[in-house]
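Novice: Residue numbers (my numbering): 153 to 369.
All C-beta atoms in this analysis are idealised placements derived from N, C-alpha and C, irrespective of residue type, glycine included.
From a predicted model like this one, the values you see are computed outputs, not experimental measurements.
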Ligand SMILES: [Zn+2]
């Protein structure tokens with residue numbers, strides 16, 4: 153039987169993740185690379201020259217003397233948690249196929265439930281922000297579904313207590329080619345949960361879909 157390429161997508165294994173991001177300096181280097189891909193740029197004056205104070209992991213701009221850290225202005229700003237904990241949280245939240253719970257996150261990260269809950273909320277909010285800026289294009293598949301546990305009464309569409317939501321997925325012909333195999337499938341997905349009132353649906357259509365989308369939506 154042919155294997156489903158979605159289920160058998162290649163992601164980063166836990167072992168590979170831990171090899172790359174087990175130490176704080178590895179996580180710091182990765183964040184520097186992501187934030188300043190062309191090299192350090194002072195957030196105050198855009199100066200490129202700097203001194204680095206390793207003990208505090210602080211960058212001091214050689215032009216305006218302002219000190220900053222790679223975490224300033226990011227999700228990790230002022231967090232007392234090590235970057236390694238954040239990175240592992242990101243790995244667990246994004247690799248989980250079935251939405252990892254805050255309780256499970258707290259167990260895996262060794263955090264209290266309350267802290268794990270806050271970490272998860274911050275990550276979900278950041279992922280939502282990223283999705284807002286992402287417009288689907290090309291071939292887009294849309295389906296509706298309903299969230300909610302099993303209850304007595306009518307089932308399926310229109311059942312009481314169920315929250316309707318819409319999921320939209322951009323599919324590309326090259327998605328399963330060798331070039332794309334190393335990328336996580338999740339980077340190609342954009343889920344859009346919303347209550348399906350016509351106004352909100354049309355608003356979402358305007359922001360997430362190509363303008364040539366069928367007008368029936
Ligand atoms: Zn500066």
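Buried or exposed, going by whether 16 or more other CB atoms sit within 10 Å of the CB of residue 197?
Specialist: exposed
Novice: Beta-carbon within less than 6 Å of residue 173's beta-carbon, same chain only, minus the 5 sequence neighbours each way: which residues are those?
Specialist: 179 and 239
Novice: Roughly how many whole angstroms lie between the Cα atoms of residue 234 and residue 228?
Specialist: 9 Å
Novice: Less than 8 Å between the C-beta atoms of residue 261 and residue 237, yes or no?
Specialist: In terms of Cβ geometry, residue 261 and residue 237 form a close pair [threshold 8 Å].
Novice: Check whether the Cβ atoms of residue 242 and residue 275 lie closer than 8 Å to each other.
Specialist: Cβ distance < 8 Å, so residue 242 and residue 275 count as in contact.
Novice: Within 7 Å: the Cβ of residue 224 and any heavy atom of ligand 1?
Specialist: Between ligand 1 and the CB of residue 224, the shortest heavy atom gap is not smaller than 7 Å.
Novice: Leaving out five residues before and five after residue 223 in sequence, what residues of the same chain have Cβ atoms less than 6 Å from its Cβ?
Specialist: 229
Novice: Should residue 218 be counted as a contact of ligand 1 given a C-beta to heavy atom distance under 7 Å?
Specialist: Yes, Cβ of residue 218 sits closer than 7 Å to a heavy atom of ligand 1.
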